[in-house]
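Asker: Protein chains in written order, with our numbering: chain A, 1 to 305; chain B, 1001 to 1409. C-beta atoms are modelled at their ideal positions from N, C-alpha and C, and glycine is treated no differently.
1. According to the neighbour-count rule (16 or more other Cβ atoms, all chains shown, within 10 Å of its Cβ), is residue 1160 of chain B buried or exposed?
2. Along the beta strand (DSSP E) that carries residue 1313 of chain B, what are the first and last residues, could you check?
3. Quick check on the burial criterion: 16 or more other C-beta atoms within 10 angstroms. Buried or exposed for residue 148 of chain A?
4. For a test of the three-state rule: what should DSSP assign to residue 1391 of chain B, helix, strand or coil?
5. Kindly indicate which residue of A:159, A:180, A:34 and A:195 has the alpha-carbon position closest to the one of residue 310 of chain A.
6. Between residue 1184 of chain B and residue 1106 of chain B, is the Cβ-Cβ spacing less than 8 Å?
7. Let me know the secondary structure DSSP gives residue 1306 of chain B once reduced to three states.
8. What is the rounded straight-line gap between the Cα of residue 102 of chain A and the Cα of residue 275 of chain A?
9. Could you check whether residue 1327 of chain B and residue 1300 of chain B sit closer than 8 Å to each other, using their CB atoms as the reference points?
10. Extract the residue ranges of the alpha helix (DSSP H) inside the stretch 1171–1258 of chain B, only unbroken runs of 4 or more that lie entirely within it.
11. Pull the bridge partners of residue 1024 of chain B from the DSSP assignment, please.
12. Between the stretch 1155–1172 of chain B and the stretch 81–91 of chain A, do at least 3 Cβ pairs fall closer than 8 Å?
13. Going by the DSSP bridge assignment, what does residue 1095 of chain B pair with across the sheet?
14. Relative to the alpha-carbon of residue 290 of chain A, which residue among A:26, A:40, A:141 and A:78 has its alpha-carbon at the smallest distance?
15. Where do the ends of the beta strand (DSSP E) carrying residue 1342 of chain B lie?
16. At a CB distance below 9 Å, what residues from the stretch 113–144 of chain A approach chain B? Give them in sequence order.
17. Would residue 1068 of chain B be called buried (16 or more neighbouring beta carbons within 10 Å of its own) or exposed?
18. Going along the stretch 54–68 of chain A in order, which residues come within less than 7 Å of chain B, judged by CB to CB distance?
19. Residues of chain B with CB closer than 8 Å to the CB of residue 303 of chain A, please, in chain order.
20. Is there at least one Cβ from chain B nearer than 8 Å to residue 146 of chain A's Cβ?
21. Chain A beta carbons: is any one of them nearer than 8 Å to that of residue 1107 of chain B?
22. Name, going along the chain, the residues of the stretch 200–222 of chain A whose beta-carbon falls closer than 9 Å to a beta-carbon of chain B.
23. Would you grab the beta carbon distance between residue 283 of chain A and residue 191 of chain A for me? Rounded to a whole angstrom, and I think it's under 8 Å.
24. Between B:1211, B:1025 and B:1175, which has its C-alpha nearest residue 1061 of chain B's C-alpha?
25. Pick out whichever of A:226, A:20, A:259 and A:198 has its Cα sitting closest to the Cα of residue 175 of chain A.
26. Give the single residue among B:1066, B:1023, B:1064 and B:1065 whose Cα lies nearest to the Cα of residue 1054 of chain B.
27. How would you list, in chain order, the residues of chain B whose beta-carbon sits under 7 Å from the beta-carbon of residue 299 of chain A?
28. Hey, could you find the ends of the alpha helix (DSSP H) residue 40 of chain A is sitting in?
29. What does a CB cutoff of less than 8 Å around residue 1393 of chain B pick up in its chain, not counting 5 residues either side in sequence?
30. Quick one: does residue 25 of chain A have its CB under 8 Å from some CB of chain B?
31. Should residue 269 of chain A be flagged as near chain B, meaning a C-beta pair shorter than 8 Å?
32. According to the Cβ coordinates, are residue 1016 of chain B and residue 1064 of chain B closer than 8 Å?
33. What runs of the alpha helix (DSSP H), each 4 residues or longer, lie entirely inside the stretch 1118–1159 of chain B?
34. Assuming contact is defined by CB atoms lying nearer than 8 Å, are residue 247 of chain A and residue 195 of chain A in contact in what I supplied?
35. For residue 305 of chain A, which of helix, strand or coil comes out of DSSP?
36. Is residue 1308 of chain B buried or exposed, if buried means 16 or more other CB atoms sit within 10 Å of its CB?
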């Protein structure tokens, strides 16, 4: 130590500072409400940032292509759907610029599926930390959300480039629809990531169940077919309402509206924007409720892992 | 150090951890998949799970600046208590409150990611332990120097040797400026030089008035480092106070348990396992003594018992300082005459004229061994005595020095 060092005064100062601090319950018993817990997470935002970086860095650690892999998977999906569904099965006939159509849907759906699928295992895969150090446990699913958003951003760059190249981008107010779509997906994705990551600690089947549900959800929204096709089959009743107001369908439709310029005259559900705003509001309520469930379940994480 | 704090303030230091009537229940389940849960739902499910109380009604108040050890046999609940204090587990009933920055070292390098470099892991680990990026920046040089990792800082930690890994983790942990350091048996890492560095650091922490809570199985470490010890047994606090008292109580507990285990085995009363040390006494000039002067004539008598009889045996006596260092030891095999076989009870008398020990507290341990050196029965730290401090010297040995001066050329 170079500075003059006086343990006695260090001691006195520390005791005085400690005496001035309030005595609080330790660990997760501290916050009686979700706001307190959210503040605690906010105070750990630097660590959250580091965890996101860790997730990203470790994912493609020793591969030579690295982040290119985040693009290869959706591009392959695009190719398969474009060729098989679009050309062989003829889905492309009623949909101009089918490639852009699929890719915009896949991009926004990919965000949701990545948030949920990497979120669901996040507590279990960080068992080493959860069992040994106290941290607000929300940081683990949130770090998965952060990493998913990063990958989504890369895909967005590709999507925008593709849209520009295909010449189907029209500078119009419709581009604005991308924003509520992304908000919608992040809110719902985070809500489910929190809930499922906590449930997965107690029931490891959750992560397999999630995989199956994610596959189902992809086909339950108009990504590789048009919304009007679904409407024609379902008719105008309750079933269609349920199908349309599914937040993922809304987000996919929003993305189509924003990036799929060639389909400007296609039929969209009326009041799309209003539906999205309501869904976002419901999503925030869901987020609060699921966070509440998470907080109730987290007390026993360390012993269940 | 103690005199400094006494003059500073007459009031007690602030409370940093307050455990109130805390209990912790674990449910031991035998099924974990969805199918099993559904199959055993409801009442049947209860038969598939068992309650286990790891801790019961723990009351514990820890004040700033204390170094406190949690001791007890395996499964006594000490690690669970440490986790409650660290906030890693929530108590089933009761409450745990605290203040100040806590660094829990329940496992060194918890959260180290093998694919990240040493540098990246330092930042991540420091942030897990509560340091901001700027603080880590400022301390990075110190951490690197303390760990001695040198040129490997930018190598992925999966290529580190286990020693490097642990040194880096410890370096991060001790540089996080905690008010409360929670340590679970991680002090025994690294080579001797690194261990000494760690111990120096711990002593520095004590001088800084930081609170240290540690779980350890090393009794000398408890005696040496701690000013308070808590003995846990089956989830309850047995002793809370002076480390030496707690250690003695712990040894009694272990001995009780050993006898209980023997009884549970339903052995024949003449089984050799019942060999024991019946009694031990320490006398000075024929009087039982608790205080021994440096030049006193000590007599230690031990009565040993063997039910079936053995031809060759050895009764060893050892005197340890309160830091666990052996200061004197001898055995019945050094007697001028042969001891003869041991069947039933026999008494060994060892006379030590003038042991000349320095001031401090000492413990006497006695053990009975067979020819191969296997311990048949032991009475660790069965007796203790104090030696008053000498006026003209310090240390383990007492002697009266004569000091003079002469002019050097």
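Answerer: So, from the listed chains and residues:
1. buried
2. 1313–1321
3. buried
4. coil
5. Nothing can be reported for residue 310 of chain A: it is not among the residues displayed for chain A, which extend from 1 to 305.
6. yes
7. strand
8. 22 Å
9. no
10. 1192–1207 and 1219–1225
11. B:1055
12. no
13. B:1020
14. A:141
15. 1342–1353
16. 126, 128, 129, 130, 131, 132, 133, 134 and 135
17. buried
18. 54, 57, 58 and 61
19. 1026 and 1089
20. no
21. yes
22. 202, 203, 204, 205, 206 and 209
23. 6 Å
24. B:1211
25. A:259
26. B:1023
27. 1090
28. 34–43
29. 1358, 1399, 1400 and 1401
30. yes
31. no
32. yes
33. 1118–1128 and 1133–1147
34. no
35. coil
36. exposed
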